[in-house]
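**Q**
In my numbering, the protein residues as written are 866 to 1113.
Quick look at the structure:
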C-alpha cells in the first residue's frame, strides 16, 4: 500500500497522482530494484519524492484543541454563574450543588475523552471521575449505601473490562489478527452482564442468582463463535477490502 509523500493519505499501488492534493505518487516497486540503480539515480528519486508527512494529524489536533477550550470556557462560565446565584440566592443552594458536581465531572470527562494523555491514563481518569461523580451524588442525596454496594463494584468491573479490551486491541493490532478484537469485545460484554447480574442478586438476595445475564451470555457467545468462524474463512482479498472500507 502506497502513501502520498505530501499529505500522507493512503492510496492504491497503481495510483500515480494523489486524489487529494494531486501530488505525484512514486512507484513503490521501483525501490525494490534500488540495488540496480547508480548512487546518483537513487539520490534523484529521494529528492523528487520527499518523506511523507501526514498534515491531517496536525489539523485534527488543532480542531480538537479549539473545541476543547471552547467547551472549557463555557463550563467555567457556568461554574462562575452558579457561584454568583448561590451567593445572591442561597435558597437554590441544594440544586446548585448537584449542577456544580455534574459540571465539574463533565469537564474531566471531556478532557480524558479527547485523549490528551496516554490511553491508560485516560481510561484511569475516566474511572476516577466516575467514582468522584458517584460519591458526590450519593453524599448530596444522603444515601451513601448504594455507592459502596453498587457504584464501586460496577465501576471497577467496567474499568477492568475496558482495560482488557484496550490491551487486547493493541495486541491484535500489532499481530493483524483479523476479527479477533470484535470477538473479544462481544465476550467482554457477556462477562460484564454476568458481573452486573451477580452484583445485583448479591445485594438483593445475598446470593448469586443469575437470570437475564445467562441469555445475554449465550447470545454473545454464539455471535462470537459465528463471527470467528466467518472471519477465519475469509480470503485475504476480502479481509483487505473490509479493512479499507472500515478504515481498520
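We treat Cβ as the ideally placed atom computed from N, Cα and C, and that holds for glycine.
#1: Suppose the cutoff is 8 Å on Cβ atoms and the five residues either side in sequence are ignored; what does the same chain contact list for residue 1020 look like?
#2: Going by DSSP, what residue range makes up the alpha helix (DSSP H) through residue 1005?
#3: Whole angstroms are fine: how far does the CA of residue 940 sit from the CA of residue 1100?
#4: Kindly indicate which residue of 948, 944 and 930 has the alpha-carbon position closest to the one of residue 978.
#5: Beta-carbon separation of residue 1033 and residue 1012 under 8 Å?
#6: Are the region 1049-1059 and the region 1082-1092 touching, with three or more C-beta to C-beta distances below 8 Å?
#7: From residue 1061 to residue 925, what does the alpha carbon distance come to, in whole angstroms?
#8: Ignore the nearest five residues each way along the sequence and tell me which others in residue 896's own chain have a CB closer than 7 Å to its CB.
#9: Quick one: using the 10 Å Cβ neighbour count with 16 as the cut-off for buried, is residue 1065 buried or exposed?
#10: Measure the C-alpha to C-alpha separation of residue 934 and residue 1026 and round it to an integer number of angstroms.
#11: Measure the C-alpha to C-alpha separation of residue 961 and residue 1014 and round it to an integer number of angstroms.
#12: My understanding is that residue 966 touches residue 937, with C-beta atoms under 8 Å, so please give their C-beta distance in whole angstroms.
#13: Can you find the residues in the same chain that come closer than 6 Å, C-beta to C-beta, to residue 1003, ignoring five residues on each side of it along the sequence?
#14: From the DSSP output, in three-state form, read off residue 942 for me.
#15: Where do the ends of the alpha helix (DSSP H) carrying residue 880 lie?
#16: If you measure between the beta carbons of residue 1030 and residue 1050, is that distance less than 8 Å?
#17: In the structure shown, what three-state DSSP assignment does residue 889 receive?
#18: Applying the 10 Å Cβ sphere with the 16-neighbour rule, what's the burial state of residue 1091?
#19: Under three-state DSSP, which class holds residue 1052?
#20: If I follow the unbroken alpha helix (DSSP H) through residue 1082, where does it start and stop?
#21: Can you find the residues in the same chain that come closer than 7 Å, C-beta to C-beta, to residue 975, ignoring five residues on each side of it along the sequence?
#22: Where residue 902 and residue 1028 are concerned, what is the direct C-alpha to C-alpha distance, given to the nearest angstrom?
#23: Which residues in the same chain as residue 943 place their Cβ atom closer than 7 Å to its Cβ, once the five residues preceding and following it in sequence are excluded?
#24: Given this structure, state the Cα-to-Cα distance separating residue 927 from residue 954, to the nearest angstrom.
**A** Based on what the coordinates show:
#1: Taking C-beta separations shorter than 8 Å and ignoring five residues to either side along the sequence, the partners of residue 1020 in its chain run 992, 995, 996 and 999, following chain order.
#2: Annotation for residue 1005: the continuous alpha helix (DSSP H) segment containing it runs 984-1006.
#3: Going by the C-alpha atoms only, they are around 51 Å apart.
#4: Comparing Cα-Cα distances from residue 978 to each of 948, 944 and 930, the minimum goes to 930.
#5: The answer is no: Cβ separation not under 8 Å.
#6: Segments in contact, yes.
#7: Rounded to the nearest angstrom, the two C-alpha atoms are 37 Å apart.
#8: Summary for residue 896: the model assigns pLDDT 49, below 50, so the residue's position carries little reliability; its value from the coordinates is reported in the next sentence. For residue 896, where only same-chain residues beyond five positions count, there are no Cβ hits under 7 Å.
#9: By the 10 Å Cβ count, residue 1065 comes out buried.
#10: Between residue 934 and residue 1026, the C-alpha separation is close to 31 Å.
#11: C-alpha separation (whole angstroms): 27 Å.
#12: Rounded, the Cβ-Cβ distance is 17 Å, inconsistent with contact.
#13: 1009 and 1012, listed in sequence order.
#14: Note: residue 942 maps to helix in three-state DSSP.
#15: Per DSSP, residue 880 is not a residue of any alpha helix (DSSP H), being assigned neither H nor E.
#16: Annotated as proximal: residue 1030 and residue 1050, with beta-carbon spacing under 8 Å.
#17: In the three-state DSSP reduction, residue 889 falls in the strand class (E or B).
#18: Counting Cβ neighbours within 10 Å, residue 1091 comes out exposed, since fewer than 16 surround it.
#19: It is helical.
#20: That run of the alpha helix (DSSP H) goes 1077-1097.
#21: If you ignore the 5 residues before and after residue 975, its C-beta comes within less than 7 Å of the C-beta of 933 and 936, all in its own chain and listed in chain order.
#22: Low confidence applies to residue 902: its pLDDT is 47, below 50, so where it sits in the model is not reliable enough to give any reading.
#23: The residues are 968.
#24: Spanning the two alpha carbons is a distance of roughly 40 Å.
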